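Presented below is the structure to which this report refers.
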Amino acid sequence: MTNKSLLLDNVSIAFGDKEVLKNISFELPRGSVTGLLGKNGAGKTTLMKIALGLLRPDQGSVNLLGISAWDSPAEVRRRIGYVAQMDTPYYWMRVRDCLTLVGSFYDSWDAALIDRYLREWDIDRDAYIQDLSFGQRQKVCILLAIGHRPELLVLDEPVASLDPGARRQFLKALVSLNQDLEHTILFSTHITSDLERIAADVALLHCGTLTYRGNLDELKERCRRLYFVGDNLPESFEHAGIERYQNQQGRASAFTRNWDQAENDALAKSMGIRIEEESLPLEELFLELTLE
Amino acid sequence: MNDFVIKTNSDVPIYRQLVEQVRRMAASGRVKPGDRLPSVRQLAENLAINPMTISKAYSLLEQSGLLERRRGVGMVLSHETGRSDNLLQPAIEELIMQARQLGISKRELVKQLGAAWEFENDE
Numbered sequence: 001m002t003n004k005s006l007l008l009d010n011v012s013i014a015f016g017d018k019e020v021l022k023n024i025s026f027e028l029p030r031g032s033v034t035g036l037l038g039k040n041g042a043g044k045t046t047l048m049k050i051a052l053g054l055l056r057p058d059q060g061s062v063n064l065l066g067i068s069a070w071d072s073p074a075e076v077r078r079r080i081g082y083v084a085q086m087d088t089p090y091y092w093m094r095v096r097d098c099l100t101l102v103g104s105f106y107d108s109w110d111a112a113l114i115d116r117y118l119r120e121w122d123i124d125r126d127a128y129i130q131d132l133s134f135g136q137r138q139k140v141c142i143l144l145a146i147g148h149r150p151e152l153l154v155l156d157e158p159v160a161s162l163d164p165g166a167r168r169q170f171l172k173a174l175v176s177l178n179q180d181l182e183h184t185i186l187f188s189t190h191i192t193s194d195l196e197r198i199a200a201d202v203a204l205l206h207c208g209t210l211t212y213r214g215n216l217d218e219l220k221e222r223c224r225r226l227y228f229v230g231d232n233l234p235e236s237f238e239h240a241g242i243e244r245y246q247n248q249q250g251r252a253s254a255f256t257r258n259w260d261q262a263e264n265d266a267l268a269k270s271m272g273i274r275i276e277e278e279s280l281p282l283e284e285l286f287l288e289l290t291l292e
Numbered sequence: 001m002n003d004f005v006i007k008t009n010s011d012v013p014i015y016r017q018l019v020e021q022v023r024r025m026a027a028s029g030r031v032k033p034g035d036r037l038p039s040v041r042q043l044a045e046n047l048a049i050n051p052m053t054i055s056k057a058y059s060l061l062e063q064s065g066l067l068e069r070r071r072g073v074g075m076v077l078s079h080e081t082g083r084s085d086n087l088l089q090p091a092i093e094e095l096i097m098q099a100r101q102l103g104i105s106k107r108e109l110v111k112q113l114g115a116a117w118e119f120e121n122d123e
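Protein sequences appear in the order of chains A and B.
So for the first sequence, the numbering used here puts the first residue at 1; every next one is plus one.
So for the second sequence, the numbering used here puts the first residue at 1; every next one is plus one.
Given below as structure tokens:
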């Protein structure tokens, strides 16, 4: 048994001449919940597919639950759950029949868990999947992915079609699955407030590279927007750790990923000005960290 | 215990929001010494928050002396909650943060504190 659920080492892939992922190294400790953030087209889905052995990288290695994902598809399917983006499997079946069918593939299928969520999530088990709304379909896809209590659950934009109430129910189900800290979860989303709730770690994908990978609280505590206040502020300014200094008509601001009060005070003193700091919510940080 | 209110899209990390709210509940007397706090599991599911985030908040409150981990019971509000706990806490947190940023270890910080304490007493 390994304490890493997923290990990507120096993974790159290109489609034609478009490099989609560049030298990605990434690991998920067992029992962790990681949110994968990135703009549209940043490579999130590709990263997930490579992790699951659904795509083969041009370069680099992938270790999933201690095995090579690409070479052991059956083993991987038994131990992972995957909710793909905008997926409608078994659309010609009734909800209950497709759950029974998929459940029959697994020794570890938890029918009681599925029953509970069908009730709590208000899903009509007699309905045909093709007749369900997008949101209800997405809920069924989630049930199909968690019924066997996978060691690693990978969700690609799982809440995109859910209303706020359903999103909260879904987040509670994820927390419940993760309570024993044995089940690892990786999910991508655009909704930073959901990510903040249930992810302790965050991976930020930007133009095919990981620009941040680590603890979410630390990210918030270390990044600051800076405002330079004083007379005769420089037009341009270069200093280690300070990014994107901009002076617009005497109002100057910048950004730092490594906030330090003492250093900041020293810098302000040497410039003969004041530097005010502002901590930022995740959504703002996401915007700051994905600027070109 | 549905008294906790979590704000997402805030610049304050969620574990800090929890820490502040427990402090306020204790200060206002809504939670009394000996009262039990919800378990990590309960709170995580009720609030739909990562269990590790709750544990982190509880551990910090335990370190500060406001909460006590009691075997078989869980986290309870400490009887030792003097006024000094609340008053010193911000200064202590600031000190720890600065020590971390300067790369000073816990052992070294405690040593320095001890030395400073002795020095004050000698004066």
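We put the beta carbon where it would ideally sit given N, CA and C, even for glycine.
Note that the coordinates shown come from a computational prediction; the quantities given were computed from them, not determined experimentally.
Chain A beta carbons: is any one of them nearer than 8 Å to that of residue i?
i, result
"B/Met75", "no"
"B/Ala194", "Here chain B comprises residues numbered 1 to 123, so residue 194 of chain B is not present and cannot be evaluated."
"B/Ala44", "yes"
"B/Lys106", "no"
"B/Arg41", "yes"
"B/Ser84", "Here B/Ser84 scores only 47 on pLDDT, less than 50, and its place in the model should not be relied on; the value that follows carries that caveat. Chain A, which has no Cβ nearer than 8 Å to the Cβ of B/Ser84, makes this no."
"B/Pro13", "yes"
"B/Gln112", "no"
Taking only beta-carbon atoms, is residue i less than 8 Å away from chain B?
i, result
"A/Pro158", "no"
"A/Asp163", "no"
"A/Leu280", "yes"
"A/Thr192", "yes"
"A/Glu196", "yes"
"A/Ala166", "no"
"A/Val33", "yes"
"A/Asp260", "yes"
"A/Glu243", "no"
"A/Lys175", "It is Val, not Lys, that sits at residue 175 of chain A in the sequence shown. Yes, its Cβ sits closer than 8 Å to a Cβ of chain B."
"A/Leu143", "no"
"A/Asp265", "no"
"A/Lys4", "no"
"A/Ala127", "no"
"A/Lys49", "no"
Would you give the residue range spanned by the alpha helix (DSSP H) that residue i belongs to?
i, result
"A/Pro164", "Pro164 to Asn178"
"B/Arg16", "Ile14 to Ser28"
"A/Pro89", "No alpha helix (DSSP H) contains A/Pro89, which DSSP labels as neither H nor E."
"A/Asn215", "Unbroken run through A/Asn215 is the beta strand (DSSP E), Thr209 to Asn215; no alpha helix (DSSP H)."
"B/Gly74", "Unbroken run through B/Gly74 is the beta strand (DSSP E), Gly74 to Leu77; no alpha helix (DSSP H)."
"A/Asp265", "Gln261 to Met271"
"A/Glu182", "It is not in any alpha helix (DSSP H) - A/Glu182 carries neither H nor E in the DSSP assignment."
"A/Ile114", "Ala111 to Glu120"
"B/Ala181", "The question about residue 181 of chain B has no answer, for chain B in this structure spans 1 to 123."
"A/Asn10", "Taken as a continuous stretch (DSSP letters only), A/Asn10 belongs to no alpha helix (DSSP H), being part of the beta strand (DSSP E) at Lys4 to Phe15."
"B/Ile6", "Careful: B/Ile6 lies outside any alpha helix (DSSP H) and carries neither H nor E."
"B/Asn46", "Val40 to Leu47"
So with CB distances below 8 Å, who are the chain B contacts of residue i?
i, result
"A/Asn178", "Asn50 and Pro51"
In terms of residues, what are the limits of the beta strand (DSSP E) holding residue i?
i, result
"A/Leu152", "Leu152 to Asp156"
"A/Glu238", "Unbroken run through A/Glu238: none, as it is neither H nor E."
"A/Asp201", "Asp201 to His206"
"A/Gln59", "Gln59 to Leu64"
"A/Asp124", "Note, A/Asp124: premise wrong, no beta strand (DSSP E); not H, not E."
"A/Gly81", "Ile80 to Val83"
"A/Ser193", "Looking at the DSSP string, A/Ser193 is not in any beta strand (DSSP E); the run it does join, the alpha helix (DSSP H), is Thr192 to Ile198."
Which bits of chain A does residue i rub up against, with CB to CB less than 8 Å?
i, result
"B/Pro90", "Result: empty, since nearest Cβ-Cβ is about 14 Å, beyond 8 Å."
"B/Gln101", "Asp260, Gln261 and Ala262"
Could you check if residue i is buried or exposed, using at least 16 other CB atoms within 10 Å of its CB as the buried criterion?
i, result
"A/Met48", "buried"
"B/Met52", "buried"
"A/Pro57", "buried"
"A/Pro73", "exposed"
"A/Arg224", "buried"
"B/Lys106", "exposed"
"A/Ser270", "exposed"
"A/Pro164", "exposed"
Report yes if the C-beta distance between residue i and residue j is below 8 Å; otherwise report no.
i, j, result
"A/Gly208", "A/Glu27", "no"
"A/Val95", "A/Asp124", "yes"
"A/Val62", "A/Ile50", "yes"
"A/Thr88", "A/Arg119", "no"
"B/Val76", "B/Gly34", "yes"
"A/His190", "A/Leu153", "no"
"A/Ala199", "A/Gly43", "no"
"A/His206", "A/Gly41", "no"
"A/Leu52", "A/Leu64", "yes"
"A/Leu210", "A/Leu204", "yes"
"A/Gly135", "A/Val102", "no"
"A/Leu226", "A/Ile275", "yes"
"A/Ser193", "A/Asp156", "no"
"B/Asn50", "A/Leu282", "no"
"A/Asn178", "A/Val33", "yes"
Mind pulling the chain B residues with CB within less than 7 Å of residue i?
i, result
"A/Glu283", "Asn9"
"A/Leu171", "Ala48"
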